[in-house]
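In my numbering, the protein residues as written are 482 to 1010.
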């Protein structure tokens, strides 16, 4: 690969001499070279016997190779299957086996943690862990090279002849859902035809502001590409011919610097990133010029209305939000003006999308009444769960699907999410939504992160328990937290117990594994968690 100095990379990007390709740390992969490597990898995968409906498992952090392997799988009609690189051996082996993969592409430092559990017969292609990822995660340099006896991804790609056949009908990556209620399920979409491709493009143009009548986007990938939304966004950005900057690990101040250095126009984010940005000292925030930003989309977790308002005041009307799931795709959308007019909304149904609130019996509820959210985006191809089609029926009603969220529609059709069905706490017969409490608590000075959940209570059936991560140097107290909440909401919503912790089981997507927090307290209670 041609060596280009980082200073030259910055100059080329800033002066828009480089408008397409991928930058990671001090490395640049121009678009032409990316597409050549994709074609070579596709040919190599096909030689392994991978064809239409086959699977390529990918256990990588955000790196050039993630794009190369994913796009190569698509080129031959196979499914790229990203695996959460935090997974341990049993979790990884399950996905490799379930999707029927014959190859695993993996970073060198991750390999030793799961190598002994890789199913027999799987071809392993190892990617040297690059310096910027090594530095971001504090990885020992000795663990970043391809181990002896293993095939180096880069050397393997170069040896392949470019794929020269016509592209097959496109498949999206097969994303395995997080598995908070058991084994994760692979969301396997049907290939797209010309009509569906056109509808998808129109829908994506709304969600991510990618239109053919505007200059190519320039973006930073802030979230892990093994998650559904960042995966779709990252691959779409690269395939659209724009400039893609990979941030090895989210850092609020570094993101501001990248926006300025590379004239970034588009971003895809999650609300926890907004919170961390807003907690930067004012002098740091004012140091960076963000005038190039045109469109910022966010999703994945609830965004406190006050956080949204402050981001709009800072970044202007660039802030937009959508809501959906891995299975459904995005179904609602709203812009900054609507966010200020309807604080807390996640938007209205987009064109060719349906959103209905239903009670436990499947009856549609009127505006203002809380029930389970069922939806569908008819712009996206239908799906099944890989090797678990019956599981789909559990979340489907009359062609609409649920992600397990509770919410309501207002008189104007705007959707508001209250919480997840399994996260709602019934205490003394009263429904309490932990997400509502978290939205208030995260705004408390001195609070870095928090989670509210239900634990058994002999008198009330369940009571509220809170884990709080204090900011470094803060003087938070239990009484202070409870008093703050009591000043902002009804007393019955104030958690009975507040515990200060150093970590929370939060995914990089912004979602907290509430099940992992609850299970310790519910063990032996004889009730579901």
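Where is the CB? At the ideal position from N, CA and C, for every residue including glycine.
Proximity of residue i and residue j at Cβ, strictly below 8 Å
| i | j | result |
| --- | --- | --- |
| residue 749 | residue 710 | yes |
| residue 755 | residue 792 | yes |
| residue 946 | residue 976 | yes |
| residue 839 | residue 830 | no |
| residue 652 | residue 714 | no |
| residue 779 | residue 740 | no |
| residue 599 | residue 574 | yes |
| residue 752 | residue 788 | yes |
| residue 777 | residue 799 | yes |
| residue 832 | residue 815 | no |
| residue 665 | residue 650 | no |
| residue 654 | residue 519 | no |
Cut-off 7 Å between Cβ atoms - residues of its own chain near residue i, not counting five sequence neighbours on either side
| i | result |
| --- | --- |
| residue 634 | 546, 586, 606, 607 and 608 |
| residue 698 | 691, 718, 721, 723, 746 and 747 |
| residue 958 | none |
| residue 1034 | Since the first and last residues shown for the chain are 482 and 1010, residue 1034 lies out of range. |
| residue 530 | 583 |
| residue 983 | 950 |
| residue 591 | 540 and 566 |
| residue 758 | 733 |
Beta strand (DSSP E) segment containing residue i, residue limits
| i | result |
| --- | --- |
| residue 588 | 584-588 |
| residue 897 | 896-901 |
| residue 608 | 604-608 |
| residue 934 | 928-938 |
| residue 649 | Residue 649 -> no beta strand (DSSP E), and no H or E assigned at all. |
| residue 504 | 502-505 |
| residue 817 | Element bounds for residue 817: not the beta strand (DSSP E) but the alpha helix (DSSP H), 817-822. |
| residue 906 | 906-908 |
| residue 826 | 826-830 |
| residue 889 | 886-890 |
Limits of the alpha helix (DSSP H) - the one that residue i falls within
| i | result |
| --- | --- |
| residue 874 | 870-875 |
| residue 524 | 512-528 |
| residue 967 | 959-969 |
| residue 578 | 570-580 |
| residue 912 | Where residue 912 is concerned, there is no enclosing alpha helix (DSSP H), although the beta strand (DSSP E) it sits in stretches over 911-913. |
| residue 594 | 592-595 |
| residue 740 | 733-743 |
| residue 680 | 675-689 |
| residue 641 | Neither: residue 641 is in no alpha helix (DSSP H) and is coded neither H nor E. |
| residue 711 | 709-720 |
Bridge partners - residue i, DSSP secondary structure assignment
| i | result |
| --- | --- |
| residue 838 | 854 |
| residue 555 | Looking at the DSSP assignment, residue 555 forms no beta bridge with any residue, so it has no partner. |
| residue 469 | Outside the shown range of the chain, which is 482 to 1010, sits residue 469, and nothing can be said about it. |
| residue 980 | 948 |
| residue 702 | 727 and 749 |
| residue 865 | 669 |
| residue 633 | 607 |
| residue 509 | 504 |
| residue 540 | 587 |
| residue 563 | 539 |
| residue 942 | 938 |
| residue 993 | 987 |
Contacts around residue i, its chain only, beta-carbon distance under 6 Å, and the 5 residues preceding and following it disregarded
| i | result |
| --- | --- |
| residue 1002 | 936 |
| residue 595 | 570 and 573 |
| residue 576 | 564 and 657 |
| residue 886 | 854, 898 and 901 |
| residue 668 | 656, 807, 808 and 864 |
Residue i beta carbon near the ligand COA (any heavy atom closer than 7 Å)
| i | result |
| --- | --- |
| residue 667 | Among the components of this structure there are no ligands whatsoever, and the ligand COA is therefore not found. |
Other residues of its chain near residue i: CB distance less than 8 Å, five sequence neighbours each side excluded
| i | result |
| --- | --- |
| residue 880 | 857 |
| residue 662 | Legend: pLDDT at residue 662 = 48, less than 50; position of this residue unreliable, value from coordinates given subsequently. Closer than 8 Å at Cβ, skipping near neighbours: 903 and 996. |
| residue 891 | 823, 826, 848, 849 and 897 |
| residue 642 | 521 and 524 |
Inset, instruction - Kindly provide the ranges of any beta strand (DSSP E) runs that are 3 or more residues long and lie completely inside the segment 756-815, ordered along the chain. - result: Fully enclosed beta strand (DSSP E) runs of 3 or longer: 776-779, 800-806 and 810-815.
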